[in-house]
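K.L.:
Numbering (my numbering), first residue to last: 26 to 209.
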């Protein structure tokens with residue numbers, strides 16, 4: 026009897042991906058693959074929600090989303106929040122979205138500073154080394170087989186922060202396999 030009660034308490038304390046039949050089905054579906062994908066962006070609201078949802082819910086793939094910043098330097102056209110308050114708001118919004126996408130969510134330590142037109146300006150203000158270290162460490166711990174950068178790292182990405190996100194993702198991918206880079 027004690028064992029049976031213990032099992033029920035364990036199930037109640039550790040619910041399976043939502044408590045619905047669909048949540049259980051999603052968890053079981055993930056047993057069919059060991060694939061892991063990581064999607065990288067510069068800010069909250071840059072992510073490709075349709076892609077993330079398709080990978081995670083549609084294909085049963087363990088999927089992560091990494092935002093270099095929390096978006097505290099962005100514009101707010103619908104409320105009074107700016108800077109830290111805006112970063113908190115955008116973090117909360119992305120946390121809610123990540124639950125719907127059914128992805129693991131990660132944030133870098135970089136503080137957003139506002140609009141930047143140039144790649145070199147963003148890399149300098151954001152601290153290139155810190156960006157790389159955060160991204161390399163995440164790649165090493167999350168261990169994705171596929172990394173999908175939202176941005177390519179060129180002028181076609183628009184402003185400098187988006188370009189930086191693409192450049193950092195590409196550089197970190199190469200460095201993550203080198204144990205001399207950011208050793209533990």
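Ideal Cβ placement from N, Cα and C applies to all residues, glycine included. Just so it is clear, the structure is predicted and the values come from calculations on it, not from any experiment.
1. Between which residues of its own chain and residue 134 is the CB-CB distance below 8 Å, once the five residues before and five after are set aside?
2. Along the chain, where does the beta strand (DSSP E) containing residue 91 start, and where does it finish?
3. Should residue 131 and residue 95 be called a contact, given that it needs their Cβ atoms to be closer than 9 Å?
4. Could you work out which residue in 190, 200, 90 is closest to residue 129 when comparing CA atoms only?
5. According to DSSP, is residue 58 helix, strand or coil?
6. Apply the 10 Å Cβ neighbour rule to residue 209 and answer buried if 16 or more other Cβ atoms are within range, or exposed otherwise.
7. In whole angstroms, give me the CA-to-CA distance for residue 57 and residue 194.
8. If we count the other Cβ atoms within 10 Å of its Cβ and call it buried at 16 or more, is residue 183 buried or exposed?
9. Between which two residues does the alpha helix (DSSP H) containing residue 113 stretch?
10. Are the CB atoms of residue 161 and residue 200 nearer to each other than 9 Å?
11. Identify every run of the beta strand (DSSP E) within the region 162 to 200, keeping only runs that are complete inside it and at least 3 residues long; order them along the chain.
12. Look at residue 88 and residue 62 and say whether their C-beta atoms are less than 9 Å apart.
13. Do you know whose CA, among 76, 66, 177, lies nearest residue 127's CA?
14. Closest by CA to residue 186, which one among 98, 104, 59, 53?
P.N.:
By the coordinates alone:
1. 155, 159
2. 87 to 92
3. no
4. 90
5. coil
6. exposed
7. 28 Å
8. exposed
9. 109 to 126
10. yes
11. 171 to 174
12. yes
13. 76
14. 98
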